[in-house]
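Asks: Just so we're aligned: 56 in this note's numbering is position 2 of the sequence shown, and the numbers increase by one with no gaps anywhere.
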Amino acid sequence: KNNMAFIFPAPGVENVEMTLAIRVTGDTSGLLVPAIQDITVNAATDVFTWTQLDEESKLQIPTTATNSLDMNLVLDQVKFFGTGTGTDVAIKEGIFGLSQNKRAVEFTLYMGDTSTGGAGKTLTGVAYITGLAPTVSADAPVWVSPVTLTVTGNYTVA
55 KNNMAFIFPA
65 PGVENVEMTL
75 AIRVTGDTSG
85 LLVPAIQDIT
95 VNAATDVFTW
105 TQLDEESKLQ
115 IPTTATNSLD
125 MNLVLDQVKF
135 FGTGTGTDVA
145 IKEGIFGLSQ
155 NKRAVEFTLY
165 MGDTSTGGAG
175 KTLTGVAYIT
185 GLAPTVSADA
195 PVWVSPVTLT
205 VTGNYTVA
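1) Tell me where the beta strand (DSSP E) around S111 begins and ends.
2) Rank M165, G185 and I149 by C-alpha distance to the C-alpha of F60 and give the top, closest one.
3) Between which residues of its own chain and T94 is the CB-CB distance below 8 Å, once the five residues before and five after are set aside?
4) With distances taken from CA atoms, which of K112, D108, T176 and E71 is nearest V101?
5) Here's the rule: buried if 16 or more other CB atoms are within 10 angstroms of the residue's CB, otherwise exposed. What is I115?
6) Looking at the unbroken alpha helix (DSSP H) that takes in L132, where does it start and where does it end?
7) For I149, name the three-state secondary structure that DSSP assigns.
8) On the DSSP letters alone, give me the boundaries of the beta strand (DSSP E) that S199 sits inside.
9) Please say whether F150 and F135 have beta carbons closer to each other than 8 Å?
10) Could you please give the first and the last residue of the uninterrupted beta strand (DSSP E) stretch that includes F161?
11) Have a look at P200 and G140 and give me their C-alpha separation to the nearest angstrom.
12) To the nearest angstrom, report how far apart A187 and N96 are at their CA atoms.
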């Protein structure tokens with residue numbers, strides 16, 4: 055019998071589905087990132103490698119980590135370009151404005167649940183939005199874009 059607690063994003067199931075929210079420090083609410091096609095959580099510890107004349111194999115020690123969230127979005131005009139008004143910076147500037155203005159954002163990624171009750175894990179941290187490259191074509195007639203949240207510091211898991 056399999057006793058694993060698989061994490062599933064449960065698309066469209068409230069309180070169970072995967073969600074990503076971003077905000078700027080001081081915002082009272084955040085920007086819920088819509089239409090995520092896929093997302094990858096990167097937690098890559100770098101390793102310093104060297105050789106010595108008295109060793110048969112290379113030696114390695116861990117160094118700093120490079121953390122990021124990589125995703126693809128179907129673009130929503132208001133969420134991508136912002137509302138242009140209001141006091142919450144993330145909502146006013148949108149994803150494009152936050153990237154262009156080089157603003158640090160606080161993110162909360164709810165990874166989904168293992169059942170049906172909102173008991174899944176959440177990753178939080180501070181990041182910069184990079185890697186925007188909106189594209190459209192005759193075969194994919196809606197704008198889509200890769201988006202990277204380049205994390206400064208560590209993830210927090212709750």
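For glycine and all other residues, C-beta sits at the position ideal for the given N, C-alpha and C.
Replies: In terms of the structure at hand:
1) For S111, there is no enclosing beta strand (DSSP E), as DSSP marks it with neither H nor E.
2) Taking only the C-alpha atoms, the option nearest F60 is M165.
3) Around T94: L123, D124 and M125.
4) Closest option to V101, Cα to Cα, is K112.
5) In summary, I115 is exposed, with fewer than 16 beta-carbon neighbours lying within 10 Å of its beta-carbon over all protein chains present.
6) One point to set straight first is that residue 132 is Val, not Leu, in the sequence displayed. Residues Q131 to F135.
7) In the three-state DSSP reduction, I149 falls in the helix class (H, G or I).
8) That run of the beta strand (DSSP E) goes V198 to V205.
9) Yes, the pair counts as a contact, with Cβ atoms nearer than the cut-off.
10) Note, F161: beta strand (DSSP E), A158 to Y164.
11) Spanning the two alpha carbons is a distance of roughly 27 Å.
12) Going from the Cα of A187 to the Cα of N96 covers about 20 Å.
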